[in-house]
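Here is the structure we will look at.
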Amino acid sequence: MDDAKIIYLDNAATTRMDQEVVEAMRPYFSETFANPATLYQIGQKAAKEVDKARDRLAALLNCSPEEVYFTSGGTESDNWLIKSAAWHGNKKHLITSAIEHHAVLESVHYLVENFGCRSTILNVDKHGLASPDALRKAISKDTALVSVMHANNEIGTVEPICELAAICRENGVPFHTDAVQSIGKIPVDVKALGVDSLSLSAHKFHGPKGIGALYVRKGVAIQSFIHGGGQEQGLRAGTSNVPGIVGLGAAAELAQKHLEKHGNREWELVEYLWNKLSASIPKLTRNGHPELRIPNILNISVFGIEGEAILLGLDQHGIQISSGSACTTGNLEASHVLTALKLSPAEARGAVRFSLGRKTTKAEIDRVIEIMPGIAERFRAMSPLWKN
Ligand code: PLP
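Residue numbers 0 to 387, in numbering that gives the first Met the number 0, belong to the letters of the sequence shown in order.
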């Protein structure tokens, strides 16, 4: 099938780049290709574009450009912030939630295994929400950092970040959020959220892969993670990825415009998809919070069959979705997120995620609504679990 014609509903894994972003980046590969740290004109031209992108991203986040550090993506931003908090200073207790992305959980795990840190992993309720009370109880005099994600990548639940951050402020503990999935989907205003630091990644909002950023509030201590040259205020060394940074800036601007103009579009399409599927397929359940969620994710469990079967069945019709998290595809065990929701094994195994993008159309959703009941019926006819 022509790749351009697929019905791509796996935008939480990555997004198709917006053509405007591709065009914005193009000159910085081969025309204005110079290193922005150089003094001659073409270098200074590139440097200006880097500044412009930083300004655009700062406008999206409602922070100052000096508080934005470019990185290689969400994983690096999470690693940088968490390891910096644990390595520098004498506090060794880290708090996070059970449904974080592996970039957070594995960073914490690594620090516990190798650097004498201790962790508290906050449980979530059946909708995926972390509890402010549980956080209040978990904070100790030794807590170096609390990191709780803004929106979950599998179920879309939006965590009560304002409340969690306020508790941390009261206790003088820095608060970080992984906003990789929420940027471009809901407003992400670092001041309104009250966070000290925040991670993001361009390829999740129609920008390029391999570029992201870490916001660190002025006055919050952050140590260098990648040592070398003096880029990013001397805190993140390495020649700047100018095309990527320009792409991130362009994607941030487009995300902001989309939010202002069409903020509800994906929400309506997801509700439409859920209403139609749940009316035509028996025994479907919805995972994640029905209200407190980003607009573009629908996670459902199709009782009696494996999510992978549905994924492959839809793929034969040119429709791409995900079962569990794409980052752990290949691993058929229920994801740690679904496990944390305490779904039954059958519900967890039958979970699939539809994640819409900015350009997803109603016609594409209608095609899923047309195809999916037949797939569920075909696989259920072969399923001993369903027959029983
Ligand atoms: N955090 C979350 C919530 C994610 O969904 C992802 C990617 O799936 C990441 C972090 C990692 O981001 P990146 O792919 O830019 O390294």
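Here a beta-carbon is modelled for each residue, glycine too, at the ideal position from N, C-alpha and C.
Around the beta carbon of R53, 16 or more other beta carbons lie within 10 angstroms, which makes this residue buried. Between the region 340-359 and the region 112-132, the count of C-beta pairs closer than 8 Å reaches three or more; the two stretches touch.
Within the region 13-80, the complete alpha helix (DSSP H) segments of 4 residues or longer fall at 18-24, 26-29 and 40-60, listed in chain order. By a beta-carbon distance limit of 8 Å, I293 contacts I185. Their separation comes to about 6 Å. R352 carries a strand assignment under DSSP once its states are collapsed to helix, strand and coil. Distances between the C-beta of G72 and the heavy atoms of the ligand PLP include at least one below 6 Å. If you look at V241, you'll find it in the alpha helix (DSSP H) that goes V241 to H261. Residue state for A212 is assigned as strand, using DSSP reduced to three classes. In this chain, S223 is not harboured by any beta strand (DSSP E), its DSSP state being neither H nor E.
Non-local C-beta neighbours of A251 in its own chain, meaning closer than 7 Å and more than five positions away in sequence, comprise R55, L56 and L59, ordered along the chain. Going by C-alpha positions, H205 is about 13 Å away from M24. Residue side-chain check: V179 places its Cβ nearer than 6 Å to a non-hydrogen atom of the ligand PLP. Distance from the C-beta of N61 to the nearest heavy atom of the ligand PLP is not below 6 Å. Residues of the same chain with a CB within less than 7 Å of the CB of R348, apart from the 5 flanking positions on each side, are E305, G306 and A333 in chain order. Taking C-beta atoms as the reference points, V172 and V145 count as a pair closer than 7 Å.
Per DSSP, H175 lies in no alpha helix (DSSP H) segment; the continuous beta strand (DSSP E) that holds it begins and ends at F174 to D177. Contact between Y214 and V189 is confirmed by a C-beta separation of about 6 Å, below the 8 Å threshold. Within the chosen limit of 6 Å, the ligand PLP reaches the beta carbon of H100 through at least one heavy atom.
Inter-segment contact for the region 94-112 and the region 70-85 is present: three or more beta-carbon pairs are separated by less than 8 Å. Burial is judged here by how many other beta carbons sit within 10 angstroms of a residue's own beta carbon; S181 has at least 16 and is buried. A distance criterion of 6 Å places the beta-carbon of S200 in contact range of the ligand PLP, judged by its closest non-hydrogen atom. Residue pairing from DSSP places Y7 in a beta bridge opposite Q319. Between I138 and V336, the gap from beta carbon to beta carbon reaches 7 Å or more.
Linking E153 to S300 through their CA atoms gives a straight-line distance of about 12 Å. Under DSSP, I296 forms a beta bridge with S354.
Counting along the chain, R168 sits inside the alpha helix (DSSP H) bounded by residues I160 to E169.
Between the ligand PLP and G211, a heavy atom-to-CB distance of less than 6 Å is present. Assignment of T338 by DSSP, reduced to helix, strand and coil, places it in the helix class.
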